[in-house]
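So in my numbering, spot 238 of the sequence shown is number 284, and the numbers just go up one at a time. In this text, a Cβ means the ideal position worked out from N, Cα and C, and glycines have one as well. All of these numbers come straight from a predicted model, not from anything done at the bench. The structure appears below as structure tokens.
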Amino acid sequence: MTNNYEPPSIPTDVPTSARAYGWMLGGKDNFDIDRRFLLDLLPAFPECVDIARQNRLFLYRAVRFLAEEAGIRQFIDMGCGLPTDNNVHQVAQAFSPDCRVVYVDIDPIVLAHGRALLASNHNTTVITADMRDQQDILKRPEVDQLIDFSEPVAVLFLSVVHHLADDDDPRRVLRTIIDRAVPGSYLALSQVVTDDPQRGAEMTARINASGIPWRTRQPADIDALLDGLEVVEPGLLDIQRWRPDPDQPSLQPTDPALVPYVGATNRGKGIYEYGGVVRKP
Ligand SMILES: C[S@@+](CC[C@H](N)C(=O)[O-])C[C@H]1O[C@@H](n2cnc3c(N)ncnc32)[C@H](O)[C@@H]1O
47 MTNNYEPPSI PTDVPTSARA YGWMLGGKDN FDIDRRFLLD LLPAFPECVD
97 IARQNRLFLY RAVRFLAEEA GIRQFIDMGC GLPTDNNVHQ VAQAFSPDCR
147 VVYVDIDPIV LAHGRALLAS NHNTTVITAD MRDQQDILKR PEVDQLIDFS
197 EPVAVLFLSV VHHLADDDDP RRVLRTIIDR AVPGSYLALS QVVTDDPQRG
247 AEMTARINAS GIPWRTRQPA DIDALLDGLE VVEPGLLDIQ RWRPDPDQPS
297 LQPTDPALVP YVGATNRGKG IYEYGGVVRK P
């Protein structure tokens with residue numbers, strides 16, 4: 047951790063993804079504007095609460111696989127979100143205490159809260175950066191200090207690919223590091239998708255209108271970004287079905303205001319989080 051820290055300015059007049067997502071996970075670090083954004087969106091897209099919570103459970107299972115089974119010891123977590131229970135370093139270090147993690151997020155509130163959580167953990171750091179500028183991230187001294195590119199690395203893009211517009215060239219963003227990493231490196235990713243293009247377009251327009259960059263895609267759009275990489279079993283799919291584990295640690299309780307939306311993904315309106323883990327051969 048560097049010591050020349052200045053408190054960031056936190057916008058409270060626009061919603062942010064980190065704070066809105068954190069609220070759906072049961073977190074408290076959000077503002078009225080974030081809660082109103084979601085309460086306006088949810089009647090049309092009630093699946094969002096389930097999707098957020100299913101994604102966070104997927105994060106635990108994916109990181110556990112990477113640390114425990116795949117032998118990964120270094121992680122770069124793009125769009126890491128606000129700290130909550132079972133953050134990436136806590137899951138990875140539970141299986142191997144020497145795991146190193148660089149957290150990256152565009153929202154300065156993540157840095158503010160992450161520093162407090164990580165103050166005593168020398169194998170972990172958090173930086174404010176835009177994942178669309180992968181070259182900037184690679185030049186950061188924190189990355190240089192913690193990541194050894196002569197060893198396998200796991201790059202996580204969990205529930206963040208939908209924050210990339212087509213014009214951002216998601217393929218370039220996702221693959222800059224994995225394509226230069228050594229064989230045996232991994233990419234774990236997830237993104238909100240639908241098989242109904244009209245509903246996807248409506249969701250994209252609604253969320254972009256709030257000021258949060260967003261693009262709902264179809265599963266095939268994601269598959270097309272990953273050619274040449276080996277898909278880890280059980281494949282790329284609805285992340286609820288990625289190595290489900292009824293005994294994994296649970297999340298914080300859902301805020302009472304969001305409880306009416308719990309279970310909406312089971313009602314079959316076709317929006318879900320798609321993803322998985324791929325390996326560089
Ligand atoms: C839905 S949350 C996902 C958090 C975490 N990855 C997880 O799976 O639990 C999306 C996060 O991506 C961050 N984000 C969005 N666009 C970003 C960008 N261009 N660069 C870095 N972070 C970004 C947001 O600030 C937010 O914290």
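The DSSP-derived three-state label of E319 is strand.
When only Cα atoms are considered, R261 and E188 end up about 30 Å apart.
Beta-bridge partners assigned by DSSP to D123: Y149, L202. Excluding residues up to 5 positions away in sequence, G72 lie with their Cβ nearer than 8 Å to the Cβ of P299 in the same chain.
Per the coordinates, the alpha-carbon of L220 lies some 16 Å from the alpha-carbon of I152.
For A116, the CB contacts under 7 Å within the same chain, skipping 5 residues up- and downstream, are Y232 in chain order. Cα atoms of Q191 and V172: separation of roughly 12 Å, rounded to the nearest angstrom.
It is roughly 35 Å from the alpha-carbon of N312 to the alpha-carbon of V199. L202 and D123 do touch by the CB rule: their CB atoms are close to 5 Å apart, below 8 Å. Scanning its chain for C-beta atoms nearer than 6 Å, with the 5 sequence neighbours on each side dropped, one finds around I317 the residues E93, T240, in chain order.
Counting other Cβ atoms within 10 Å of its Cβ, V60 stays below 16 and is therefore classed as exposed. Proximity to P292 across D75, L103, D86 peaks at L103, based on C-alpha coordinates. Non-local beta-carbon contacts of R110 in its own chain, meaning distances under 7 Å to residues more than five positions away in sequence, involve V137, F141 in chain order. For H135, the Cβ stays outside the 7 Å cut-off from all heavy atoms of ligand 1. The beta carbon of S55 sits closer than 8 Å to those of P154, all from its chain and outside the five residues before and after it, given in chain order. The alpha-carbon of Q139 is positioned some 22 Å away from that of V228. For M124, the distance from the CB to the nearest heavy atom of ligand 1 is below 7 Å.
Scanning G322, L87, A310 for the CA closest to the CA of G281 turns up G322. Listed in chain order, the non-local C-beta contacts of C145 below 8 Å within the same chain comprise A113, I118, R119, Q120, F121, H135, A138, Q139, N169, local neighbours out to five positions each way being set aside.
For N254, the number of other beta carbons within 10 angstroms of its own is below 16, and it is reported as exposed. Taking T174 as the centre and dropping the five residues before and after it, the same chain places the C-beta of P154, L157 closer than 6 Å to its C-beta, in chain order. In the three-state reduction of the DSSP assignment, T222 falls in the helix class. Counting the other Cβ atoms within 10 Å of the Cβ of A270 gives fewer than 16, which makes it exposed.
Counting along the chain, the unbroken beta strand (DSSP E) around A234 starts and ends at 232-240. Comparing C-alpha distances from L128 to each of Y106, L164, D75, I224 shows the shortest one belongs to D75.
Assigned with DSSP and collapsed to three states, D86 falls in helix. Taking 8 Å as the upper bound for CB-CB distance, Y307 and V95 are in contact here, some 4 Å apart.
For G160, the distance from the CB to the nearest heavy atom of ligand 1 is not below 7 Å. Within the same chain, Cβ atoms closer than 8 Å to the Cβ of A98 are found at Y67, M70, L71, S205, the five residues on either side in sequence being excluded.
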